[in-house]
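Q: Please find one structure pasted underneath; my questions will follow.
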Amino acid sequence: MNTFGFSYNDSHLVPVCLYAIGEEVHTANYFWSGNNLPDINTVLFQYTLSGAGILEYENERHHLGPGDAFLVKIPSDHTYYLPETSTSWRFIYITLSGEFALNIINTLAENQCVLSVHPKSRVINQLKYTLSLAKRGQLHAVFQASKESYVFLMELMNTLTTLEKPNVPFVIQQALDVIHTQFHEDLDLSILHQASGLSMYHFSRLFKHYTKKTPIDYLTSLRMQQAMELLANTTLPIADIAHKVGYKNGNYFAKVFKKQNNLAPSIYRAEKQAFHERTRTFH
1 MNTFGFSYND SHLVPVCLYA IGEEVHTANY FWSGNNLPDI NTVLFQYTLS
51 GAGILEYENE RHHLGPGDAF LVKIPSDHTY YLPETSTSWR FIYITLSGEF
101 ALNIINTLAE NQCVLSVHPK SRVINQLKYT LSLAKRGQLH AVFQASKESY
151 VFLMELMNTL TTLEKPNVPF VIQQALDVIH TQFHEDLDLS ILHQASGLSM
201 YHFSRLFKHY TKKTPIDYLT SLRMQQAMEL LANTTLPIAD IAHKVGYKNG
251 NYFAKVFKKQ NNLAPSIYRA EKQAFHERTR TFH
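Numbering (the UniProt record's numbering), first residue to last: 1 to 283.
Shown next, in the form of structure tokens:
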């Protein structure tokens with residue numbers, strides 16, 4: 001992890017102040033509540049680099065993957081965490097304070113707290129550049145830190161004015177919630193679409209538009225993620241793992257797993273366990 005916190009005596013002289021910035025990766029037991037954080041009157045922007053996480057904000061659940069960011073005030077009614085269905089979550093973040101930052105965020109986040117941003121966009125480049133300055137110890141002066149924070153906010157505003165609002169329709173979010181909470185059950189396309197009120201064709205097209213995957217591909221991908229975690233970290237028989245991730249037939253599970261990962265489940269498990277053994281030896 002590369003995490004940097006800042007406290008400036010002259011913070012009252014600048015309209016926006018850098019509070020913290022960093023890059024982290026979490027593989028287990030990661031959970032934060034926006035009402036229990038020590039940062040008061042700050043703004044958090046967090047951008048997913050790889051893996052997956054979840055943000056729950058004002059009674060809505062948002063699934064975050066690579067390229068997804070969220071923007072929240074602290075304190076506020078939100079939580080973000082690594083779900084059981086994800087093996088890791090790697091992200092970069094920045095926390096800002098100051099009235100200017102709060103006023104800007106009130107405008108930016110009025111109707112949108114989750115957004116998709118290209119990894120080569122100017123706002124993400126600015127975020128990474130500011131982190132690189134922190135790593136080199138070049139943000140000790142409050143004015144330099146404020147300048148970079150101000151540029152970040154301006155790039156964020158510019159980015160948001162050019163983005164379409166990624167409001168996922170309720171019927172698609174409903175299907176995603178079913179997949180993420182019931183992937184271990186006998187789900188199929190008819191079950192996923194029946195509550196939507198749409199034709200199966202229309203539902204499938206709409207689902208792919210917002211997730212970039214068909215419903216079955218999305219479900220299969222999630223099942224494979226969970227299976228890989230169980231193979232790597234437990235001694236459960238492969239047939240039991242198949243049942244835990246939604247496959248009644250162990251042989252069919254093995255066939256799907258090999259197609260998705262170019263490895264049989266048994267070989268994947270052996271390679272992961274060998275890697276863990278080497279890691280323990282080194283430490």
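Yeah, the Cβ is synthetic: ideal placement off N, Cα and C, and Gly gets one too.
Using the three-state DSSP reduction, which class does Ser97 fall into: helix, strand or coil?
A: Position 97 of the sequence shown, counted from the start, is the residue given in the question as residue 97. The answer is strand: DSSP assigns Ser97 an E or B state.
Q: Is the Cβ-Cβ distance between His193 and Ala175 less than 9 angstroms?
A: For the purposes of this step, residue 193 is taken as residue 193 along the sequence shown, with counting starting at 1. For the purposes of this step, residue 175 is taken as residue 175 along the sequence shown, with counting starting at 1. In contact: His193 and Ala175 (Cβ atoms closer than 9 angstroms).
Q: Would Lys248 pass as a contact of Leu236 if the rule is Cβ separation under 9 angstroms?
A: The sequence position of residue 248 within the sequence shown is 248, counting from 1. The sequence position of residue 236 within the sequence shown is 236, counting from 1. Contact flag unset, no.
Q: Between the segment 207-226 and the segment 149-158, do three or more beta carbon pairs fall short of 8 angstroms?
A: no
Q: Do the segment 182-191 and the segment 38-57 touch if we need at least three Cβ pairs shorter than 8 angstroms?
A: no
Q: For chain B, check one thing: does any of its Cβ atoms lie closer than 9 angstroms to the Cβ of Ile104?
A: The structure shown has no chain B; it contains just one protein chain.
Q: Name, in chain order, the residues that DSSP records as bridge partners for Thr159.
A: Looking up residue 159 in the sequence shown gives position 159. In the DSSP output, where bridge partners are listed per residue, Thr159 has none listed.
Q: So, is Gly98 buried or exposed, given that buried needs 16 or more other C-beta atoms within 10 angstroms?
A: Numbered from 1 along the sequence shown, position 98 holds the residue referred to as residue 98. Classification for Gly98: buried.
Q: So, with DSSP's three-state summary, where would you put Asn29?
A: If you number the sequence shown from 1, residue 29 lands on position 29. Three-state DSSP puts Asn29 in coil, outside helix and strand.
Q: Does DSSP classify Lys128 as helix, strand or coil?
A: The residue given as residue 128 occupies position 128 in the sequence shown. If DSSP states are grouped into helix, strand and coil, Lys128 belongs with the helices.
Q: Which class does Thr214 belong to by DSSP, given the choice of helix, strand or coil?
A: Working through the sequence shown from its first residue, we reach residue 214 at position 214. In this structure, Thr214 counts as coil in the three-state DSSP scheme.
Q: Compute the Euclidean distance between the alpha carbons of Ser231 and Lys213, then round it to the nearest angstrom.
A: The residue labelled residue 231 in the question sits at position 231 within the sequence shown. The residue labelled residue 213 in the question sits at position 213 within the sequence shown. Just to set this straight, residue 231 is Leu in the shown sequence, not Ser. If I take the Cα positions, the gap works out to 25 angstroms.
Q: For the segment 125-134 and the segment 5-25, state whether three or more C-beta atom pairs, one from each stretch, are separated by less than 8 angstroms.
A: With the cut-off at 8 angstroms, the segment 125-134 and the segment 5-25 touch.
Q: Rounded to whole angstroms, what's the CA-CA distance from Ile179 to His12? Just pull it up for me.
A: For the purposes of this step, residue 179 is taken as the residue at position 179 of the sequence shown. For the purposes of this step, residue 12 is taken as the residue at position 12 of the sequence shown. If you take the alpha carbons of Ile179 and His12, they lie about 48 angstroms apart.
Q: When the Cα atoms are used, what is the spatial distance from Thr69 to Asp240?
A: By one-based count along the sequence shown, residue 69 stands at place 69. By one-based count along the sequence shown, residue 240 stands at place 240. Per the sequence presented here, residue 69 reads as Ala, with Thr not at that position. So the two alpha carbons sit approximately 36 angstroms from each other.
Q: Assuming Ile104 contacts Leu153 (C-beta within less than 8 angstroms), just tell me the rounded distance between them.
A: Residue mapping note: residue 104 aligns to position 104 of the sequence shown, counting from 1. Residue mapping note: residue 153 aligns to position 153 of the sequence shown, counting from 1. Contact holds; Cβ gap of about 5 angstroms.
Q: Within 10 angstroms of its Cβ, does Glu229 collect 16 or more other Cβ (buried), or is it exposed?
A: For this step, residue 229 is matched to residue 229 along the sequence shown. By the Cβ-count criterion, Glu229 is buried, with 16 or more other Cβ atoms from all chains shown falling within 10 Å of its own Cβ.
Q: Report the residue from Tyr150, Glu58 and Ser146 whose alpha carbon sits nearest the alpha carbon of Val123.
A: Here residue 123 refers to the residue found at position 123 when the sequence shown is read from its first residue. The residue with the shortest Cα to Cα distance from Val123 is Tyr150.
Q: Compute the beta-carbon to beta-carbon distance between Val142 and Tyr8, rounded to the nearest angstrom, for a pair I have assumed lies under 8 angstroms.
A: The sequence position of residue 142 within the sequence shown is 142, counting from 1. The sequence position of residue 8 within the sequence shown is 8, counting from 1. With 8 angstroms as the limit, Val142 and Tyr8 qualify as a contact, their Cβ atoms being about 4 angstroms apart.
Q: How about Thr27 and Leu82: are their beta carbons less than 9 angstroms apart?
A: Position 27 of the sequence shown, counted from the first residue, corresponds to residue 27. Position 82 of the sequence shown, counted from the first residue, corresponds to residue 82. Result yes, Cβ atoms of Thr27 and Leu82 sit closer than 9 angstroms.
Q: Suppose the cutoff is 6 angstroms on Cβ atoms and the five residues either side in sequence are ignored; what does the same chain contact list for Phe45 look like?
A: Sequence index remark: in the sequence shown, residue 45 carries index 45 (1-based). So the qualifying residues of the chain are Leu71 and Ile94.
Q: I need the DSSP call for Glu185, collapsed to helix, strand or coil.
A: Your numbering for residue 185 matches position 185 in the sequence shown. DSSP places Glu185 in coil when its eight states are reduced to three.
Q: Look at the alpha carbon of Asn125 and the alpha carbon of Tyr210, and state the distance between them as a whole number of angstroms.
A: Locating residue 125 in the sequence shown gives position 125, counting from the first residue. Locating residue 210 in the sequence shown gives position 210, counting from the first residue. C-alpha separation (whole angstroms): 25 angstroms.
Q: Kindly list the residues whose CB is nearer than 8 angstroms to the CB of Thr85, restricted to its own chain and excluding five residues on each side of it in sequence; keep chain order.
A: Stepping through the sequence shown from its first residue, residue 85 is reached at position 85. Within the same chain, Thr85 has close Cβ partners Ala52, His180, Phe183, Leu222, Gln225 and Gln226.
Q: Over the uninterrupted alpha helix (DSSP H) stretch that includes Gly250, give me the two end residues.
A: Translated into positions along the sequence shown, residue 250 becomes position 250. Gly250 to Asn261 is the extent of the alpha helix (DSSP H) around Gly250.
Q: For Gly197, count the other beta carbons within 10 Å of its own beta carbon; 16 or more makes it buried, fewer makes it exposed. Which is it?
A: Taking the sequence shown and counting its residues from 1, the one referred to as residue 197 is at position 197. So Gly197 counts as exposed.
Q: Less than 9 angstroms between the beta carbons of Thr79 and Phe31, yes or no?
A: As a position in the sequence shown, residue 79 is number 79, starting the count at 1. As a position in the sequence shown, residue 31 is number 31, starting the count at 1. Closer than 9 angstroms, so yes.
Q: Within the same chain, show all residues whose beta-carbon is closer than 6 angstroms to that of residue 284, passing over the 5 residues directly before and after it, in chain order.
A: Look at the range of the chain in this structure, 1 to 283, and you will see that residue 284 is not part of it.
Q: Helix, strand or coil: which one does DSSP assign to Lys165?
A: Locating residue 165 in the sequence shown gives position 165, where the first residue counts as 1. Below a pLDDT of 50, predicted positions are generally treated as unreliable, and Lys165, at 49, falls in that range; the measurement from the model is reported next regardless. Three-state DSSP puts Lys165 in coil, outside helix and strand.
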